Amino acid sequence: MRKEDVKKGSIYELDGVVPLKEALPLGIQHVLAMFLGNISLLLIIAGMLGLSPDLKSALIQNAMFIAGTVTLVQLYPVCKIGAKLPIVMGTSSGFIGTAKAMGALYGYGALMGASLIGGLFEMVLGFFIKPLRKLFPPVVTSLVIISIGLSLLPVGINYFGGGSGAADFGDPKHLLVGTFVILVIIIAKQIKGFVNNASILIGIIAGYILAIVLGMVDFTQVQTASWLALPTFMPVKMEFNLEVIIAMGIMFIATTVETVGDVSGITNGGLDREATSEELQGGVLADGLGSVVASLFGVLPNTSFSQNVGLVSVTKVVNRFTIMTGAIFLILCGFCPKLSALFAVMPQSVLGGAAVIMFASILVNGIQSLMRVEFNERNTLIIALAIGLGIGIGQVPTVLAQLPSWIGNIFAQNGIIMTFVIATVLNLILPGKKD
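For the sequence shown, our numbering begins at 175 and goes up steadily by one.
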């Protein structure tokens, strides 16, 4: 292709090629936003099941490779698989409860077998998104976006304090670093141009440097990691257990709903419009395919990352080429363990400062989207009950403790599914003008 045939683009437009010196930092900004979330579930499950250090390292490496590869599919669809939107993929933390319970009983191989079947199941669900489009009117998608934002705020605060379960959680050093990151981002947002767009990246880099100065970073893992290693195909033997497949399959329904919310969050927050049926279907199909491929590399299910939706909302950078540079960087991390380790040793409080802003931005986007909905008596009732019960049960999950465990696994994880179900059912059955 001749140079003059390449369409020059803006970072605020989906299509077109942005100069690499501008695109690459903004792409890496997305990597920094999702890196810890991409490996945290693997670290938790691998530690709980006592997987060997070599296998654990291989799984982390594979997680980077898969995240980058599936992100490319979301950006540049293959056979209508992919949303053609700036969606960043990664290992889903939504499966943590089910993965811990089923993994303890049946082992890691059973989780991989169930992930393979579950991914195929989600792809089947994806083909029904178009005919089910009426289930996702603005009042429903707005509430799902709000519930995603609300459910992520505690995650951001946990990062801010040094990481959930950390021995030094809440240490003044962590709070100082997190606050410093927020202050740097606020200052950067006041400067026009590239500094504004890269404010999250600048804040994280500044926080990382401060953490190093304060002696909070141990580079031993970076020093011992190899420079080059190929991703490992089928690092664990798959097993197929019906109980695990059913449990994981239920969670794939939840993942589908979250993906619909993330796709809607991207279009609302970055493009100021509702998502199309094609974008919703492509996003869910890529979600399912990503989980299928991930299982073949020993990685837990993949899904769209809400923190990156928040990043798009903060920066308004939607250019696919720009996000593609981040995806390629993730793939390179999959081939260079030393590069991955450099991100892995970053204190969680560094990300925490940025995460609080990004996650809250998702909430704000949901509120802005909801403001476009007519606040008549019918919609007000839907909004009140969906938020009241959905978010309320998500905050007090023990209220479902006496019911069968599968009910808690679906509805008590974070409130997103309960919000969606209540909003959808009420929108269908309440009399009056539908949104």
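Just so it is clear, CB atoms sit at the ideal spot from N, CA and C, and this is done for glycine as well. On a predicted model such as this, the values are computed, not experimentally measured, just so you know.
- Secondary structure of ILE255 (DSSP, three-state): strand.
- VAL247 and GLY526 have their C-alpha atoms roughly 28 angstroms apart.
- By the criterion of at least three beta-carbon pairs nearer than 8 angstroms, the segment 554 to 566 is in contact with the segment 585 to 600.
- With a cutoff of 8 angstroms on beta-carbon distance, ASN539 and VAL313 are scored as not near each other.
- A straight line joining the alpha-carbon of PRO227 with that of LEU217 spans about 10 angstroms.
- Per DSSP, the beta-bridge partners of SER478 are MET263.
- Nearest neighbour of VAL369 by Cα position, chosen from LYS195, HIS348, PHE533 and ILE497, turns out to be LYS195.
- Residue state for TRP401 is assigned as coil, using DSSP reduced to three classes.
- The Cβ atoms of VAL355 and VAL524 lie closer than 8 angstroms to each other.
- Here the alpha carbons of LYS347 and THR353 stand approximately 10 angstroms from one another.
- Around the beta carbon of PHE533, 16 or more other beta carbons sit within 10 angstroms, so the residue counts as buried.
- Taking every protein chain shown into account, the CB of ARG494 has 16 or more other CB atoms within 10 angstroms, so this residue is buried.
- For GLU296, same chain residues with a beta-carbon under 7 angstroms away, outside a window of 5 residues either side, are PHE426, THR429, THR430, VAL458, ASP461, GLY462 and SER465 in chain order.
- Judged by DSSP in its simplified three-state form, MET412 adopts coil rather than helix or strand.
- By a beta-carbon distance limit of 8 angstroms, LEU474 contacts THR265. Their separation comes to about 5 angstroms.
- Under the three-state reduction of DSSP, CYS507 is assigned to helix.
- Note on geometry: alpha-carbon atoms of GLY330 and ALA529 lie some 5 angstroms from one another.
- Counting along the chain, LEU299 sits inside the alpha helix (DSSP H) bounded by residues 282 to 300.
- 8 angstroms or more divides the Cβ of GLY568 from the Cβ of SER338.
- Straight across, the Cα-Cα distance linking LYS512 with ALA399 is about 5 angstroms.
- Here the C-alpha atom of THR433 lies approximately 21 angstroms from the C-alpha atom of ILE531.
- In this structure, the beta-carbon distance from GLY472 to MET263 does not fall below 8 angstroms.
- Shown here for VAL298: not one same chain residue has a beta carbon closer than 7 angstroms to its own, the five before and five after excluded.
- At the C-beta level, ILE536 and VAL492 stay beyond 8 angstroms of one another.
- Under the 10 Å beta carbon count, ASP436 is surrounded by 16 or more other beta carbons and is classified as buried.
- Considering only ASN236, SER316, ILE419 and GLN455, the residue with the shortest C-alpha distance to ALA273 is ILE419.
- Per DSSP, reduced to three states, the secondary structure at MET545 is coil, with no helix or strand assignment.
- If you draw a 10 Å sphere on the C-beta of LYS254, you find fewer than 16 other C-beta atoms in it, and that means exposed.
- Annotation for PRO409: LEU229, ALA232, LEU233, ASN236, PHE471 and GLY472 place their beta carbon closer than 8 angstroms to its own, counting only its chain and skipping 5 residues before and after.
- Taking C-beta separations shorter than 7 angstroms and ignoring five residues to either side along the sequence, the partners of ILE202 in its chain run LEU375, GLY500 and PHE503, following chain order.
- In the three-state reduction of the DSSP assignment, VAL519 falls in the coil class, being assigned neither a helical nor a strand state.
- Closest option to ALA284, judged by alpha-carbon separation, among THR477, LEU416 and SER321: LEU416.
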